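Engineer:
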Amino acid sequence: MSLRKKTILIADDEREIIRVMNRELQDYFDDIQIINAGNGKMAVRVAEEELPDIIIMDWDMPEMNGIEATRAICKSEKTHDIPIIMATGRMTQPEDLRIALEAGAVDFIRKPIEFVELIARINTSLRIREQNLAIQQLLKSEIELKNRKLTTTSMLIVEQNNLLNDFFDELGAIEKKAYEVCNQLTPQVSDLKRRIQNYFDIDKSWDTFKFHFEEVHPKFFDIIQQRGSDISHKDLKLCAYLKLGMDNKEIANLLNITASSARVALSRLKKKLNLDEEDNLREVISEIG
Numbered sequence: 001m002s003l004r005k006k007t008i009l010i011a012d013d014e015r016e017i018i019r020v021m022n023r024e025l026q027d028y029f030d031d032i033q034i035i036n037a038g039n040g041k042m043a044v045r046v047a048e049e050e051l052p053d054i055i056i057m058d059w060d061m062p063e064m065n066g067i068e069a070t071r072a073i074c075k076s077e078k079t080h081d082i083p084i085i086m087a088t089g090r091m092t093q094p095e096d097l098r099i100a101l102e103a104g105a106v107d108f109i110r111k112p113i114e115f116v117e118l119i120a121r122i123n124t125s126l127r128i129r130e131q132n133l134a135i136q137q138l139l140k141s142e143i144e145l146k147n148r149k150l151t152t153t154s155m156l157i158v159e160q161n162n163l164l165n166d167f168f169d170e171l172g173a174i175e176k177k178a179y180e181v182c183n184q185l186t187p188q189v190s191d192l193k194r195r196i197q198n199y200f201d202i203d204k205s206w207d208t209f210k211f212h213f214e215e216v217h218p219k220f221f222d223i224i225q226q227r228g229s230d231i232s233h234k235d236l237k238l239c240a241y242l243k244l245g246m247d248n249k250e251i252a253n254l255l256n257i258t259a260s261s262a263r264v265a266l267s268r269l270k271k272k273l274n275l276d277e278e279d280n281l282r283e284v285i286s287e288i289g
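Numbering (UniProt numbering) for the sequence shown: 1 to 289.
(1) Among the candidates Asp166, Val20, Ser286, whose CA atom is the shortest distance from the CA of Pro112?
(2) Return the CA-CA distance between Val216 and Leu244, expressed in angstroms with no decimal places.
(3) Do you know how far the Cα of Pro62 is from the Cα of Gly40?
(4) Thr70 and Gln33 look like a contact to me (Cβ under 8 angstroms); what is the Cβ gap, rounded to whole Å?
(5) By Cβ distance, which residues of its chain are closer than 8 angstroms to Glu16, with the 5 residues on each side in sequence left out?
(6) For Ile85, which residues from the same chain have a beta carbon less than 8 angstroms from its beta carbon, with the 5 sequence-adjacent residues on both sides left out?
(7) Go through its chain and collect everything with a Cβ distance to Trp274's Cβ below 6 angstroms, but skip five positions before and after it.
(8) Quick check on DSSP: helix, strand or coil for Asn280?
(9) With 16 other CB atoms within 10 Å as the buried threshold, where does Gly172 fall?
(10) Hey, quick one: how far does the beta strand (DSSP E) through Thr88 stretch, first residue to last?
(11) What residue from Val116, Glu95, Ile135 has the CA that sits closest to Glu24's CA?
(12) Compare the Cα-Cα distances from Cys74 to each of Arg45, Ile231, Asn280, Asp60 and report the closest residue.
(13) Applying the 10 Å Cβ sphere with the 16-neighbour rule, what's the burial state of Ser51?
(14) Measure the C-alpha to C-alpha separation of Ser260 and Ile251 and round it to an integer number of angstroms.
(15) Residues in the same chain with beta-carbon distance under 7 angstroms from Gln137, minus the five sequence neighbours each way, listed in chain order, please.
(16) Give the single residue among His80, His212, Trp59 whose Cα lies nearest to the Cα of Glu142.
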C-alpha cells in the first residue's frame with residue numbers, strides 16, 4: 001500500500017520501541033515520513049510544528065503523559081483534528097479505554113504491539129482523516145460561495161441605493177422647475193418621491209441579503225437579540241454589516257444614511273448590546289456566531 005507524503009508522529013519515551021516501530025512502519029508503508037518525540041510535552045510541540053497525519057501516543061511518559069498531551073493537542077486549533085492512537089502496556093482496562101477516548105484519542109492499542117493490528121488501525125484512522133478533510137474542504141468551498149453571494153448582494157444594494165438617490169435628486173430638480181412654471185405637475189412628482197422613499201423604508205433587497213447571511217451565520221441574529229435590549233430592524237442590519245467587516249462609509253451607503261448618522265447608530269447599538277465603554281463593538285460582533 002502506498003501512502004504518499006503521509007507523516008506519522010511516534011511519541012514514546014523508550015528508544016527501543018521507537019526504533020522497532022520505525023522499522024516496521026517503514027517496511028510496510030511506501031514514501032512515509034516518521035518523526036519522534038520522547039515525551040508528551042515534546043509531542044505537543046512537534047505536533048504543532050509538523051502537523052502529522054496521525055500520532056501514536058504512549059500513555060506513560062515523563063514530563064507530560066500521553067493523556068495530558070492528547071488533551072493539549074485536541075484543544076489546539078491547529079492540531080485538534082489529527083487522529084491519535086493511544087498505546088499502553090499497563091493501562092489496559094475498559095475504564096482506561098474510556099479515559100483515552102474522552103481525552104480525544106480515536107483508537108487504543110495494547111503493548112506489546114501487534115504490528116498487523118497497528119497497521120490496520122493506522123490505515124483506518126488515515127482513511128477517516130482523509131474523509132473528514134474532504135468534507136471540511138467541501139464545507140469551506142460552500143461557505144466561500146455563500147460569502148461571495150453576500151458580497152454581491154451588498155454591492156447590488158449599494159448600487160441600487162445610489163441609483164435611487166440620483167433619481168430622487170433629479171425628481172427634486174424637476175419638481176422645483178415644475179413649480180416655477182406651473183404647480184400642476186408638482187403633486188405627481190411628489191408622489192414619485194414618496195414612492196421612492198417608501199422603497200427605501202421597505203427595503204426588499206434586505207430579505208435577499210438576510211437569506212444569504214443566515215446561510216453562513218445561522219444563529220447570529222438570534223444571539224444578537226438575546227444579548228441586547230430593544231434591538232430594531234436597523235440594528236440587525238448594522239450588526240450584519242459589522243460582522244462582514246464593513247467600515248462606516250460602506251455601512252452608510254448600504255443604509256442610505258450619512259457617515260455621521262452611521263456613527264451615531266453604531267454608538268446607540270453599543271449601548272443596546274449592554275457593552276462597556278472600553279469594549280470594541282466590532283470585535284464583539286466579529287466573535288458572535
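All C-beta atoms, glycine included, are put in the ideal place defined by N, C-alpha and C.
Remember, it's a predicted structure, so these values are computed and weren't measured experimentally.
Structural biologist: Based on what the coordinates show:
(1) Taking the first residue of the sequence shown as 1, we reach residue 112 at position 112. Answer by Cα proximity: Val20.
(2) Stepping through the sequence shown from its first residue, residue 216 is reached at position 216. Stepping through the sequence shown from its first residue, residue 244 is reached at position 244. For Val216 and Leu244, the distance between alpha carbons rounds to 11 angstroms.
(3) Residue mapping note: residue 40 aligns to position 40 of the sequence shown, counting from 1. Residue mapping note: residue 62 aligns to position 62 of the sequence shown, counting from 1. Cα to Cα, the separation comes out at about 7 angstroms.
(4) For the purposes of this step, residue 70 is identified with residue 70 of the sequence shown, where counting begins at 1. For the purposes of this step, residue 33 is identified with residue 33 of the sequence shown, where counting begins at 1. Contact doesn't hold; Cβ gap of about 21 angstroms is too wide.
(5) The residue labelled residue 16 in the question sits at position 16 within the sequence shown. Excluding residues up to 5 positions away in sequence, nothing lies with its Cβ nearer than 8 angstroms to the Cβ of Glu16 in the same chain.
(6) As a position in the sequence shown, residue 85 is number 85, starting the count at 1. Cβ within range, chain order: Ile54, Ile55, Ile56, Met57, Ala105, Val106, Asp107, Phe108, Ile109, Leu118, Arg121, Ile122, Ser125.
(7) Position 274 of the sequence shown, counted from the start, is the residue given in the question as residue 274. Contrary to the premise, residue 274 reads as Asn rather than Trp in this sequence. Taken in chain order, the list of residues that qualify is empty.
(8) For this step, residue 280 is matched to residue 280 along the sequence shown. Secondary structure of Asn280 (DSSP, three-state): coil.
(9) Residue 172 sits at position 172 when you count from the first residue of the sequence shown. Using a 10 angstroms sphere on the CB of Gly172, the tally of other CB atoms stays under 16, which defines it as exposed.
(10) By one-based count along the sequence shown, residue 88 stands at place 88. Note, Thr88: beta strand (DSSP E), 84-88.
(11) Numbered from its first residue, the sequence shown carries residue 24 at position 24. Looking at the Cα atoms, Val116 is the closest of the given residues.
(12) On the sequence shown, position 74 is the one that residue 74 refers to. Ranking Arg45, Ile231, Asn280, Asp60 by Cα distance to Cys74 puts Arg45 first.
(13) By one-based count along the sequence shown, residue 51 stands at place 51. The sequence shown places Leu at residue 51, rather than the Ser named in the question. Looking at its Cβ environment, which holds fewer than 16 other Cβ atoms inside 10 Å, Leu51 is exposed.
(14) Within the sequence shown, the letter at position 260 stands for residue 260. Within the sequence shown, the letter at position 251 stands for residue 251. Straight across, the Cα-Cα distance linking Ser260 with Ile251 is about 11 angstroms.
(15) For the purposes of this step, residue 137 is taken as residue 137 along the sequence shown, with counting starting at 1. Excluding positions up to five away in sequence, the list is empty.
(16) To locate residue 142, count along the sequence shown from 1; it is residue 142. Among His80, His212, Trp59, the Cα nearest to that of Glu142 is on His212.
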